Every structure is written in structure tokens, then in C-alpha cells.
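The structure appears right after this line, and notes come after that.
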Amino acid sequence: MEALRTRIEASVIGISRPPGSPDFRLPKGDPGLFGPASACWQVHSDFTAMLIGGVSALLLQMLHPLPLAGVWDHSTFQQDMLGRLRRTAQFIAGTTYGSSADAERLIARVRHIHGAVRGVAADGRVYAADDPELLTWVHAAEVSSFLRAYVRYRHPAFSPERQNQYLDEIALIAQKLGARNVPRNLADMQEYIENMRPQLRCEERTLKTLGLVMNAPSPHALAVPWTRLMMHAGVDLLPDWAKQQLGVKALRPLQQAILHQAVAVAAKPVRWAVRQSSAQLARQRVTGA
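Position one of the sequence shown corresponds to residue 1489 (the working numbering), numbered consecutively onward.
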């Protein structure tokens, strides 16, 4: 049983805290950008919900032609989806749970990378990854998906007040990356996404992204069923209008209930196995334990 627990934990850490990640245990006493009492620490602490939310966020982001072009033209997403997942997870964990200095270093690195991402989309429009409006869209799609996944799969009783706190806190990261007019509460987030819908559409590469997600590689063969389940849950988490744009058939209530139960069962061994999560290590740093 211990060998199984160790293997599961190693798989999770291999994705959420890949080589090169900050040492969340140092320096002692540093609360980082948010601290243990923050809503960010709570929402980002569950690996299963974050993975589901991340899948949903990616597909939502890719409905915008300009971020879609940036990812396809300037990343190895198609060839190395796991690598992109690890880099994204590293950034989120580092800015959430890392020391203040480590978080700022990660933000500076991403800003530097964004500065080189420029091109022309399929519709002839020029894009730049450091465009404040695009940064706001990418952020909104991401954090709204994380929050939806956390509420659905980890904490259904998560209060609206605490959800607003999360959106208010996490706006700091978007602003440091260069975003402007970032939604900071549930009402503003809903209004922002609704106002963005006329700019969103499903292209050939959007559908290719969906295909890549549904056939995403697993860390090892034993994790394939688990990975497939998470991908399906991520697609199901999308708003109904986004599913329609992607041509994804919405699940019937019974099918959705079965999916939710399957995720709940699949999440248990992961939550049981992980003893040295980023949140746990960071808490040791802050408390000095």
C-alpha cells in the first residue's frame, strides 16, 4: 500500500511541482503573495479540481482566435502537452505558494516570454501575448474555470463571499502580468465573459486542440483511465454555449451525475496519497514548522 501511495504522489508532484520549481519551504516566515488564510491557497490546493479546471480553461481560451494563434505558432503544445501542463502548473503553484521573491521571478519570466510572442492570426489580425486585453481574457477564462471546478468537485458549499475573495485576490497575478480591467468578483466575471462571447469562435485549430485534449498523454499506462476521466470532466465543465461552439454534446442529467460520482471516486486516492503538496510545504515555511 505504501508503494502505491508513493507512486501516486510522485505522479502528482511530477506534474504540479516539476524540476526547477521553487523550494516552498524557504525562506522561513515568508507568506508569499497571498498567505495561508487566502482563498487562493484554498482553491488551488486540490490537484483533481485544478486539472479539470485547467482543461476547461484551455478550451475556453482557445475559442478566442488570437490566443489560439499564439499557442499554435509559438509553443510545443501539440507535441508536448504534458510539458505545457507542467509549466502552467509550476507557474500557478509558484505564484500561489512560493515566497514573494520566487513568485515575482516566475512572473518576470512569463512576462519576458510573452514579449517574444507576436504574429498574425489566421484572420489577418496582429496579436501579441503581452496585449493587456488578451491577458485579461486568458486570466478570466483560467480562474473562472478553476473556481467552477473547485466548487463542483471539491467544495460545493464554498460561499459566494469566499468566491469573490478568490477572484479579487488572484487578479493581482493578472495585473502583474500586464492585464487591465480584470474582473474581481462573480458578477463582474460573468458580465465580462458574456461581453467577450461575440469575439469567440470555433476554428479548425480549436477543434484540433479539443482532439488533443481528449487524447492527452498520461504520466504512465496505469493513469490512462484516470486521465481520460479528467479530460471528460474538463470538457463537461465548460459553459453550455462553449460546448455548443465546440460541437460537444451536453450530457444528460443522469450522465452528468455518473461523471460527477466517477470523479469523486477517482479523486480519493490522489487526495489520500499526496502528503507533501505545495500548500503543505508552503504552510511549513510560513509557520516555521
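Think of the CB as a built atom: it goes at the ideal place given N, C-alpha and C, for glycine as much as any other residue. Here the structure is a predicted model, which means the values were calculated and not measured.
Thinking C-beta only, is A1609 closer than 8 Å to A1557?
yes
Under 8 Å, with one C-beta from each stretch per pair, do the region 1519 to 1529 and the region 1585 to 1601 reach the 3-pair mark?
yes
List the endpoints of the continuous alpha helix (DSSP H) containing A1730.
1728 to 1734
Please list, in chain order, all residues of the same chain as Y1654 whose beta carbon is under 7 Å from its beta carbon, the five residues on each side excluded.
A1527, C1528, V1531, L1635
Can you give me the start and stop residues for the beta strand (DSSP E) that G1502 sits inside?
No beta strand (DSSP E) contains G1502, which is instead part of the alpha helix (DSSP H) from 1490 to 1504.
Using 8 Å as the threshold, is the C-beta distance between S1766 and A1581 below it?
yes
Please tell me whether S1647 and S1544 are closer than 8 Å, where the distance is taken between their beta carbons.
no
Relative to the C-alpha of A1472, which residue among R1650, R1505, R1575, P1671 is closest?
One cannot answer for residue 1472 here, as it falls past the ends of the chain, which runs 1489 to 1777.
So R1642 and D1534 are in contact, right, with Cβ under 8 Å, and what is the actual spacing, rounded?
5 Å
Kindly identify the DSSP beta-bridge partner or partners of R1606.
A1616
So L1554 packs on R1613, CB below 8 Å; how close in whole Å?
7 Å
Following the continuous alpha helix (DSSP H) through T1583, name the residue where it begins and the one where it ends.
1569 to 1585
Pull up the distance between the alpha-carbon of H1708 and that of T1715, whole angstroms please.
10 Å
Taking buried to mean at least 16 other C-beta atoms within 10 Å of its own C-beta, is R1574 buried or exposed?
buried
I'd like to check one pair, H1562 with V1605: are the Cβ atoms closer than 8 Å?
yes
Between which two residues does the alpha helix (DSSP H) harbouring V1531 extend?
1527 to 1531
With DSSP run on the structure shown, which of helix, strand or coil describes P1713?
helix
Can you tell me where the alpha helix (DSSP H) holding H1562 begins and where it ends?
1553 to 1562
Which word fits P1705, buried or exposed, when buried means at least 16 other C-beta atoms lie within 10 angstroms of its C-beta?
exposed
Separation of K1731 from K1737, as counted between CA atoms
7 Å
Which of helix, strand or coil DSSP assigns to D1518:
coil
Beta carbon of L1665 nearer than 8 Å to that of L1622:
no
If you drop the 5 nearest sequence neighbours on each side, which residues of the same chain put their C-beta closer than 8 Å to that of I1595?
T1583, I1661, K1664, L1665
Do H1602 and V1670 have their beta-carbon atoms positioned less than 8 Å apart in this structure?
no
Using only alpha-carbon positions, find the residue among R1513, Q1678, S1509, Q1744 that is nearest to R1771.
R1513
Exposed unless 16 or more other CB atoms sit within 10 angstroms - verdict on V1753
exposed
Can you have a look at A1721 and say buried or exposed, based on whether 16 or more other CB atoms are within 10 angstroms of its CB?
buried
Among M1550, T1564, D1511, the one whose alpha carbon lies nearest that of A1591:
D1511
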